[in-house]
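Engineer: For reference, each letter of the sequence shown is one residue, going -18 to -1, 1 to 476 in mature numbering (1 follows the signal peptide of the UniProt record, and there is no 0). Note that CB positions come from ideal geometry on N, CA and C, so glycine has one too.
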Amino acid sequence: MLLKPLVALNMLAGAVVASPDSTLHAKKARLEAYIQNEKTVALQGVLNNFGPNGSLCRGAAPGVAIAGNSETNPPYIYTWTRDTALTVMSLIGEFLEGNSSLEQLIQQYITASAKMQTVTNPSGSLSDGAGLGEPKYNINITAFNDPWGRPQRDGPALRASALIAYGNHLLAQGQQAKALDNVWPVVSNDLAYVGEYWNGTGFDLWEEVNGSSFFTTAAQYKALVEGESFATALGKPCDACTVAPEILCHLQDYWNGTAVISNYPTNGRSGVDINSVITSITIFDPAATCDDATFQPCSARALANHKVLIDGFRSTYGVNKGREPGEAAAVGRYTEDIFMGGNPWYLATLASAEQLYDALYQWDRQGSLSVTELSLPFFRDLVANVKTGVYPKSTRGYKTITDAVRSYADGFISVVREYTPTHGGLSEEYHRDTGVQVSAPDLTWSYASFLTAIARRNGSVPPSWSSSVALTFPQKCNPTTVKGAYATATPSPW
Ligand SMILES: *[C@@H]1O[C@H](CO)[C@@H](O)[C@H](O)[C@H]1NC(C)=O
Ligand SMILES: *[C@@H]1O[C@H](CO)[C@@H](O)[C@H](O)[C@H]1NC(C)=O
Ligand SMILES: *[C@@H]1O[C@H](CO)[C@@H](O)[C@H](O)[C@H]1NC(C)=O
Ligand SMILES: *[C@@H]1O[C@H](CO)[C@@H](O)[C@H](O)[C@H]1NC(C)=O
Ligand SMILES: *[C@@H]1O[C@H](CO)[C@@H](O)[C@H](O)[C@H]1NC(C)=O
Ligand SMILES: *[C@@H]1O[C@H](CO)[C@@H](O)[C@H](O)[C@H]1NC(C)=O
Ligand SMILES: *[C@@H]1O[C@H](CO)[C@@H](O)[C@H](O)[C@H]1NC(C)=O
């Protein structure tokens, strides 16, 4: 918007002016340079927070990550099951793309997870599985005994998914025994937990709402679907996995026709929450079609929801002044957030980009994209005259739309770039009015979300979890659960 007056002024002064094309080119070059550099910072940032060797790990046990580099306000020298599982998932992505030096840490994480499962804590113990729902531990793998929002029922599901990702790699390498002895016993406990407790209330990923959380339900569904395949490959039964269709049925309850309502109860909020976008990227299946039932990144539901969510932040944050619909913006957790002053988060802004990169991958693989009544408002912000219909890959319309989506996605990375200090470190948040970093520096999850967003941008995606073979669910949902069997897992040395 500043371009026109600037060009005019420069012309008056007789200066050589950049054409809009070369300005765009310079902007793109700046972004690519940032990404290249920040990728190294982000990977190192993750590794710094892991025990035993990370420079910021403060003596954390091997395979255990601190949440962030902050002793107090907020106190993040603890380890969270969710944050670590998502982070290890990003490391497994880097590992599967060829960085074999990460394997030792992944294995240490599995060994640490086995030990953590045995720790009796305020949520309970392993004997009936209830202890697996404990959200956080001391970094020496002992119980955190102070009051907290517990249980949080996404942790075991996410940990199972991370372990299965590595377990499937072992199977592909012909290392059946290692998968069976070291990975399956940990996974089996976590799957049993999901099957037994998915229908209980718990705290959401922001540790605030006690009830049902969209992210938790979706993570549970994915874990049981891939758990079933993993169990089958190992010749093991998975009784818990039989409730997957009921969880998928329950997942539909969060869709209100316009947007995902991420929490029940909503506790006086709208329920529109980045929870929903983080869900789409977590249950992203590169081989899926644009299924609404699993809220795949390219689904009409997920795209419609993306617009509703992002638009909510435009008028919430001072830094978003002038960022109109269709332009990327700074994104936080939910507009009513007041934690640390209520600010945009790096991981939220990066997830907003990642969903779109995932969608681009899915359209490309499918060979077409559809604009429906539901997704039209999302697309119309990017391509003003777009109409509903199917756009095959060979058409000019497909190219126009996907170019616009890609540049919209890149815009979110540019927002992150704008608020990244020169040292490249990523804290939890950046200030709603000034863009200056707020809350814990070196947040493990911020770095992990940078790695996954950039991997997807680069066309690197996780293996399929076969979401499409499991899409049926009953007409009427039932709260069916399966009593679990739990046993101490004792992985052998790797
Ligand atoms: C691979 O991981 C190591 C840490 O184990 C890191 O130092 C290195 O930069 C990574 N390589 C690439 C290409 O990302
Ligand atoms: C930690 O450092 C030790 C000693 O240098 C080394 O043997 C080990 O491989 C390192 N562990 C990881 C996970 O990098
Ligand atoms: C583990 O860490 C906690 C919290 O820092 C500490 O209170 C406890 O003494 C430690 N336990 C062991 C066995 O080191
Ligand atoms: C339990 O399942 C029923 C049936 O799907 C659902 O209506 C209810 O909301 C679920 N409760 C929780 C806490 O998951
Ligand atoms: C969470 O909600 C459930 C069901 O309403 C209730 O039984 C439980 O005590 C609540 N937990 C906390 C910590 O408030
Ligand atoms: C669904 O939620 C959105 C976002 O809060 C709201 O605008 C819309 O009115 C809701 N739709 C229904 C049918 O309640
Ligand atoms: C993108 O992928 C290419 C080819 O696999 C690789 O060489 C490059 O390092 C990747 N870039 C980033 C930023 O990951």
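1) Would the beta-carbon of ALA286 fall within 8 Å of that of LEU356?
2) Compare the Cα-Cα distances from THR454 to each of TRP237, ARG414, ALA275 and report the closest residue.
3) I need the DSSP call for ALA49, collapsed to helix, strand or coil.
4) Quick check on this structure: which residue in SER376, THR370, THR331 has the alpha carbon closest to the alpha carbon of GLN348?
5) Go through its chain and collect everything with a Cβ distance to PHE361's Cβ below 7 Å, but skip five positions before and after it.
6) I'd like the span of the alpha helix (DSSP H) that includes TYR16, first residue to last.
7) Which residues bound the alpha helix (DSSP H) around ASN150?
8) Taking the beta strand (DSSP E) that SER350 falls in, what are its first and last residues?
9) Provide the residue(s) that pair with PHE185 in DSSP beta bridges, ordered along the chain.
10) Once the 5 residues before and after LEU342 are set aside, which same chain residues still bring their CB inside 7 Å of it?
11) Can we count GLY182 as close to ligand 4, meaning its CB is less than 7 Å from some heavy atom?
12) Is it right to say GLU306 is buried, meaning 16 or more other beta carbons lie within 10 angstroms of its own, or is it exposed?
13) Just verifying my parser: in three-state terms, what is the DSSP assignment at THR61?
14) Can you tell me the Cα-Cα spacing of THR248 and VAL191, whole angstroms?
15) Counting by C-beta, which residues lie closer than 7 Å to a heavy atom of ligand 6, in chain order?
16) In the DSSP output, which residue or residues are listed as bridge partners for TYR412?
17) Taking buried to mean at least 16 other C-beta atoms within 10 Å of its own C-beta, is GLN419 buried or exposed?
18) Taking 7 Å as the cut-off, is the beta-carbon of SER4 closer than that to any non-hydrogen atom of ligand 1?
19) Among ALA215, GLU76, GLN234, which has the Cα closest to the Cα of GLY156?
20) Is residue 477 near ligand 3 - that is, is its Cβ less than 7 Å away from at least one heavy atom of it?
21) Relative to the C-alpha of LEU329, which candidate in THR463, ALA11, ALA24 has its C-alpha closest?
22) Examine ligand 4 and report whether any of its heavy atoms sits within less than 7 Å of the Cβ of PRO461.
23) What is the rounded straight-line gap between the Cα of SER281 and the Cα of GLY304?
24) Assuming THR271 and SER450 are in contact, meaning their beta carbons sit under 8 Å apart, how far apart are those beta carbons, in whole angstroms?
25) So, with DSSP's three-state summary, where would you put ASN164?
26) Three or more C-beta pairs under 8 Å: does that hold for the stretch 415 to 434 against the stretch 18 to 36?
27) Please return the same chain residues whose Cβ sits closer than 7 Å to the Cβ of ILE229, not counting the five positions on each side in sequence.
28) For ALA174, which of SER1, ALA213, ASN81, ALA42 has the nearest alpha-carbon?
29) Let me check one thing: in DSSP terms, what residues is TRP237 bridge-paired to?
30) By the 10 Å Cβ neighbour count, where 16 or more other Cβ atoms means buried, how is HIS7 classified, buried or exposed?
31) DSSP three-state call for PRO44: helix, strand or coil?
32) Quick check: the Cα distance between ARG132 and ALA15, rounded to an integer number of angstroms?
33) Using only the alpha-carbon positions, how far apart do ASN19 and TRP166 sit?
34) Leaving out five residues on either side along the sequence, give the residues of the same chain with a beta carbon under 7 Å from the beta carbon of HIS413.
35) Can you tell me whether DSSP reads VAL451 as helix, strand or coil?
Structural biologist: This is what the structure holds:
1) yes
2) Looking at the Cα atoms, ALA275 is the closest of the given residues.
3) coil
4) SER376
5) VAL353, VAL368, ILE383
6) 2 to 30
7) 137 to 154
8) 350 to 353
9) ASN192
10) THR384, VAL387, ARG388
11) yes
12) Exposed.
13) Correct three-state label for THR61: strand.
14) 8 Å
15) Residue selection by CB proximity (closer than 7 Å to any heavy atom of ligand 6) returns ASN238, GLY239, THR240, ALA241, ILE243, SER252, GLY253, VAL254, VAL290 in chain order.
16) Bridge partners of TYR412: GLN419.
17) The Cβ neighbour count for GLN419, taken over all protein chains shown within 10 Å, is at least 16; the residue is labelled buried.
18) Not one heavy atom of ligand 1 is found less than 7 Å from the C-beta of SER4.
19) Taking each of ALA215, GLU76, GLN234 in turn and checking the Cα distance to GLY156, the smallest one comes out for ALA215.
20) Limits of the chain in this structure are -18 at one end and 476 at the other, which puts residue 477 out of reach.
21) ALA24
22) yes
23) 28 Å
24) 7 Å
25) helix
26) With the cut-off at 8 Å, the stretch 415 to 434 and the stretch 18 to 36 touch.
27) TRP180, THR199, GLN202, TYR203, LEU206
28) ALA213
29) VAL242
30) So HIS7 ends up on the exposed side.
31) In the three-state scheme derived from DSSP, where H, G and I count as helix and E and B as strand, PRO44 is classed as strand.
32) 42 Å
33) 37 Å
34) ASN325, VAL420
35) helix
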